[in-house]
Structures are given as C-alpha cells and as structure tokens.
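Those sequence lines, one after another, are chains H and A.
Letter by letter, the first sequence follows residues 1 to 283 in UniProt numbering.
Letter by letter, the second sequence follows residues 1 to 382 in UniProt numbering.
Every residue, glycine too, gets a C-beta built ideally from N, C-alpha and C.
Reading through the structure tokens given below for one structure.
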Amino acid sequence: MSTTVHASARSGSGARGPASPVRWLRRNAVVLVGCAALAYLLVPNLVVLLFSFNKPAGRFNYAWRTFSTDAWTDPCGVADMCGSLGLSLQIAVLATLIATAFGTFAAFALARYRFRGKSTTNALIFLPMAMPEVVMGASLGTLFLNTRVQFGFVTILIAHVMFCLSFVVVAVKARVMSMDPRLEEAARDLYAGPFQTFWRVTLPLAAPGIAAGAMLSFALSFDDFIITQFNAGPSTVTFPMFVWGAAQRGVPVQVNVIGSAMFVLALAIVLGGQLAANRRKKS
Amino acid sequence: MTITLSGIAKTFGDFTAVHPLDLTVPEGSFFALLGASGCGKTTTLRMIAGLEEPTSGSILLGEDDITRLPPHKRPVNTVFQNYALFPHLDVTENIAFGLRRRGVKSVSKQVAEMLDLVQLGDMARRKPRQLSGGQQQRVALARALINRPQVLLLDEPLGALDLKLRRQMQLELKRIQTEVGITFVHVTHDQEEAMTMADSVAVMYGGRVEQLGPPAELYENPRSTFVANFLGTSNLIEAEVLSPGTAGPEQLRVQVVGADATLRLPAARCAVDGVGAGTKVLVGVRPEKISLAHTDDADSVPRGVPEDHNRLTGRITDASYLGVSWQYVVESPAGTQLTVYEQNVSRDSRLTPGAHVVLHWQPAHTFALDAAQDAAAGEEAV
C-alpha cells in the first residue's frame, strides 16, 4: 500500500517538472508495445490490400508499378477464380451449418449428461485439433480411396465437417458449462415446457458460444488447403487450391482483391457487432 | 390453496435428503421451513415446485394430486435463491415470461401493476445485471407473483442481501403476502427471519421436521434440544424428576444433577412422555427469563428472590455490555455455563465477574426435554 502511495506521489511531482522523454516512454510503454503487436498482425493484410490496386508488369504481382482499380472493377476477370471462390463459400457455409448443429448437440451432451465413455469422447473430440493436418488429410484420403468413394464436393465437405466439429464442441461446451442450470429450472417453473425452455432460455444463453463456434468453422473451412488437397476431386478446385495453383504460374491481382474484400468484410462484422453491443449497453 | 404433503421422501443414492414427511400448509398462510443447510428444507420445496421428483409419498394441492405433474403444469411459482433472472431479457420480459408462456397476448397492463407492487416502475427496460441485489430480488418476486400462483415458494429469497435491506424486504414480503393473500412457503436458515414473517414454522433437522408451530410456541415451548438451541439461546440443565405429584398434579419437581437445588416446572411443558421418579431430563430456561440477585441480598426484600421462584447459585465469569441489555455468563454447580440477559434498566453495580449470585426465574418459564438427546444440537448451526 505505502509503496503505491510513494510512487504516485513521485510521478505526480515529476509531471510538474520538465517533460523528460524517458519518463514519457516509461508511462506509454504498454501502449507502444500494443501498437507494435497490432502492426505486426495487420501489416501483411495492408500489403495485400495495397497490392490489390497494383498494375503489375508481368504475371507476378510482387513489385509495385502503378496505381489501378482494374482488378477491383473486374474481380472475376481471371479464368476459374470466381468459380473456385463460389465452391469454397458453398463448402464453408454447408460445413459450418452441419458442424455447428452436430457440435452443439455434442457439447450439450458432454456438458450436461453423464454417460459411459464420456471422458473417452471428450479426449477423442480434441484429437482432430491436435493432429497434424497432413496426417489427417492423407489418412482420410486413403480411407476414401479404399472405400471407392468418388472424390469431389462431398468428400471435401465430410473432411471439413470433421475438423470443424471439434472447434464447435470446445466453444459451445465452455459456454454451456458456465450457464446457470437454475435459469432453466426457473423457465420450467414459469410454465415453459421442455421445448419452450430450450427455445426461450437455453438457446439464447448458449448463442454466443454457438456463434463463436460457427465463425471459427467458417474461417477454418474457407481457409483450409492441406486437408482439402488430399480429398478434392479433379474438378473441385477450392479458392485456396486455386491460389496455390496460380502461384506456380503467376498470381493475378484479383487474388488480392478477394483477400482484401474478405478482410474488410470480417472487420466490418466485428466492428458492427461491437457497436451494437455498446449501444445495447447504453440504452 | 392448502398444500398437503403425505409421506413425502427423497433419497439421492445412499443419502436420504428428506425422511418420510407429513406436512399441511393451510391456505393463505405464511409458512416457513427453517433449518441449517443440508437439513432437507430446499429439497422439500423443490418437490413442491416439481423440480425434484419425490422417491415416495404424495403432494396434494387442495384436492388435486400434483405429485407426478411436471413443474410447468403446476399452479405454483418459485422465487429462487440468487433469483435466477434471465440475463438476456429485460425486467419487463422477465416479469412477463410466465404470462407469455401461457399464451397471454397483452401483458403490459399486468406487468405495470406488478412493477408498481414491487416499486420498480422506472426500471422496466433495464437488464438484470444493471440492477442492485434488492431490485433483482423484487423482479424475481414480481416474475412469480404475476402468474397469481396458488402457492408461492421462496427459496432463501433474502440470503444474498445485506442486513439492513434484508430487514426492509422482510417487512415488504409480509406486506405483499397480506395484500395478495397467496399461500407462501418460505425456506430459510435464519431463525429471526422465520420468526418475524411466518405464521407457522416447521423446524427441520437431518431430513425430518423437529417441531411445527407458531413462532412463539416454538420459542417458548421447544420440544427438542435442536429447537431449543436453534431458535435463540437456551440454558439446559441436567436434572432428575422427583416423585411426581409432590408439587401438585400440575407441577413437576426435579433435582438438579450436581447441585443442591430443586426446580419446579409446569407438567404440561415437559416434552418427555411418561415421566416418573428418577427420569433424567434436561431442564431449560431462556436467558432473558432469568433474573440475577447478588448473594448478599438474595433473601432480603424487595431486591431479593421471590418465594415461589426457581433458584440456582453461581458465580459470574463474564459480563458484556450489549447496549439494550447486559449478557452475563454464570458458572454454576449445575454443571453448565448459564447465559443470562438482564435488561439495561437499573443495574446492580456489584454484578461484575467474580461476584456470587443467585439466578432465579418463574417456574412457568421452565421447560423440560428428553435427556437422551445431544444437549448441544443446533448450537453451532446458527
């Protein structure tokens, strides 16, 4: 206690004296380090954004030449790119829906009920998160090959649901565990039947966890290259696969446009959510 | 509506939370289930609410058997411990929850009435986390009362409030109960709370009802050591019954074990069945019923001891000033440390630690309990 008082008294008297850069640095060190960390995270994204306005000389978009909005006005100007983007979005949405539904059920079962093999299930759910993607992708591919399943949309979807599921379970389970079971008792006491209790109380309370799981799923699925590569068919080229393929021959500027658009969209969603939450808190 | 519990019991695995229990809560009464934690009072309440299924026995509400009815089909509502308000709904929607579930379309008038009743009119659009403990408590009460239940169950509703607010809410709850006229069943571990609010109190201990009655009856005439110690403080003195009838048919005379003293008490206030000469009993007297006289003037008039009073001798070991009263601890050959509360009116200045005194009280204020019980039961639980 007494040291705190002394320290603040000293800094108080220092504020009245001449401003010293060392003292200023000491007081703002945390902010500076924070800004540096943010810059470290964001600079690559900004570079992608910047180069989406480039007009490269050759096929490689690695050196800045001149400002142009050509790529933004014609995002689908590259052959096959928008098709692969559509495929990726389709798979991501479907995988998210399926993984979120099943993952939520599993999370409730693991958080709320006691049954045989519960701890084993808990451990197995974590396995896809811990396993190297190469191993998972390759072994799943082998499985499909040996059971003579046609590689394509369905195999990619199955693979994506598999690895998204664990993330949904983890996110939802944490939320459900922290929910007060008395709230559901209160609902039942207030004339809500089992379905209404779930719909009006349980689900809204678990929603933040479910939303977090769904967002993670979408991002992971949209982004995945390694597992997809092992389980895709000849005609199913997802966006990450397209980018990889293009990178061998020269990256079109449109790739940067799609990347930047995704980044801006995600940023807008996060900021919008934050703003809505703030407004709700104020009212 | 009258609630009748008959032979209701609940076991969790090997543990018996509630032993077969018979209890009738009369219509319109304020009924308290009082006991220390783990005595089965909350389990009993939850069985009435339908949140716990009884292992055996039945629950009647009026004439209807509701034993197997799920909670949402019972005309019974609960104010939960720590309130269990829905955090994602505002005050209005919390209160309207029950009405909406029963398909009532226009709730605003009733919600406004309820907000008035609990004096929260300007909080209607707040979320529960923006309210203080006392305000949350009122919302929980309004949320239950708006459904006009036949019975309102309250599970330690004031437990999370500070002392002053608790006093205020006790009066408030009592006012609301009188106003709405619904049967209240109130679970609490606070004996003072039970005494101030309830018309009748069931004291529970180890999954059983120890004694049931109006607060004054329980306090003045406890039937077990647990009740004697849990509700207030009691001085319990070991004694043996002298041949009955020697003090008239209405009175019992007992010989104090370890001291040369006999005490008298009304035979009706003896909780032991079939007393005869030599029956061991615990004689009890409340601390505020005892007067102290300094030994020097014990036999003089007017400060001395009235002829017909019970008397014991002892030595003061501790005297503490409590404001409204003095609390004395007196060591007596009767074996126990006796506690005495003397009103802070005209105190004899000689009553200091070390002083030899005579303790005396009216025989009518004396009760007797079965000596086979633990004399300290219920003491530490307060």
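8 Å Cβ cut-off: residues of chain H touching residue i
i	result
A/A184	Per the sequence shown, the amino acid found at residue 184 of chain A is Phe instead of Ala. Result: empty, since nearest Cβ-Cβ is about 15 Å, beyond 8 Å.
Neighbouring residues, chain D, relative to residue i (Cβ below 9 Å)
i	result
A/G98	Chain labels in this structure do not include chain D; the protein chains are H and A.
CB contact check: residue i to chain H, cutoff 8 Å
i	result
A/T78	yes
A/A72	Note on identity: in this sequence residue 72 of chain A is His, with Ala being the wrong assignment. With 8 Å as the cut-off, A/H72 counts as an interface residue toward chain H.
A/R138	no
A/G13	no
A/A381	With a pLDDT of 47 at A/A381, under the threshold of 50, the modelled position of that residue is not reliable, and the figure given next carries that caveat. Not one chain H Cβ lies under 8 Å of A/A381.
Neighbouring residues, chain H, relative to residue i (Cβ below 7 Å)
i	result
A/F86	L183 and V201
A/R102	Y191
Residue i CB to nearest heavy atom of the ligand MN below 7 Å
i	result
A/K289	Here there are no bound small molecules, and the ligand MN is not part of this structure.
Neighbouring residues, chain H, relative to residue i (Cβ below 9 Å)
i	result
A/R143	A186 and L190
Inter-residue CB distance, residue i and residue j (contact presumed, cutoff 8 Å)
i	j	result
H/F239	H/S88	4 Å
A/L218	A/V227	6 Å
H/L190	H/L205	Between H/L205 and H/L190 the Cβ distance is about 15 Å, and since that is not below 8 Å, they are no contact.
A/T225	A/L236	7 Å
A/A124	A/L131	Actually they do not touch by this definition, with Cβ atoms about 11 Å apart.
A/I95	A/V111	5 Å
H/A192	A/R101	5 Å
A/L369	A/G284	6 Å
residue 384 of chain A	A/V185	With chain A represented from 1 up to 382, any question about residue 384 of chain A goes unanswered, as that position is not in the structure.
A/G278	A/V241	7 Å
A/S325	A/N310	That pair is no contact at about 21 Å.
A/C270	A/L282	So it is not a contact: roughly 11 Å between Cβ atoms.
Closer than 8 Å to chain A by CB, residue i
i	result
H/Q274	no
Report the residues of the region 176 to 187 of chain H with a CB closer than 7 Å to any CB of chain A, ordered along the chain. Per Cβ criterion, the list reads D180, R182, L183, E185 and A186.
Please list, in chain order, the residues of the region 196 to 212 of chain H that have any C-beta partner in chain A closer than 7 Å. Q196, V201, P204 and L205
With three or more beta-carbon pairs closer than 8 Å as the criterion, would you say the region 199 to 210 of chain H touches the region 152 to 166 of chain A? no
With three or more beta-carbon pairs closer than 8 Å as the criterion, would you say the region 7 to 26 of chain A touches the region 54 to 74 of chain A? yes
How about the region 131 to 149 of chain H and the region 157 to 167 of chain H: do they share at least three Cβ pairs that are nearer than 8 Å? yes
The region 31 to 39 of chain A / the region 194 to 209 of chain A touching (three or more Cβ pairs under 8 Å): yes
Looking at chain H, which residues of the region 40 to 52 of chain A have a Cβ within less than 7 Å of any of its Cβ atoms? A49 and L51
Under 8 Å: do the region 85 to 103 of chain H and the region 247 to 257 of chain H share three or more Cβ pairs, one atom per stretch? No, the region 85 to 103 of chain H does not touch the region 247 to 257 of chain H.
For the region 67 to 86 of chain H and the region 137 to 146 of chain H, state whether three or more C-beta atom pairs, one from each stretch, are separated by less than 8 Å. no
Contact between the region 64 to 71 of chain H and the region 45 to 56 of chain H is defined here as three or more beta-carbon pairs at a separation below 8 Å; is this criterion met? Result yes; three or more Cβ-Cβ pairs closer than 8 Å.
Do the region 158 to 178 of chain H and the region 125 to 132 of chain H meet, that is, are 3 or more Cβ pairs less than 8 Å apart? As far as the Cβ criterion goes, the region 158 to 178 of chain H touches the region 125 to 132 of chain H, which means the pair count is three or higher.
Touch check for the region 342 to 355 of chain A and the region 257 to 266 of chain A: three-plus C-beta pairs under 8 Å? no
Contact between the region 350 to 368 of chain A and the region 283 to 292 of chain A (3+ Cβ pairs under 8 Å): At 8 Å Cβ cutoff, the stretches touch.
Give a yes or no on contact between the region 185 to 201 of chain A and the region 23 to 33 of chain A, applying the rule of three or more CB pairs nearer than 8 Å. With the cut-off at 8 Å, the region 185 to 201 of chain A and the region 23 to 33 of chain A touch.
Touching or not, the region 2 to 17 of chain A and the region 259 to 279 of chain H, by the rule of three or more beta carbon pairs under 8 Å? no
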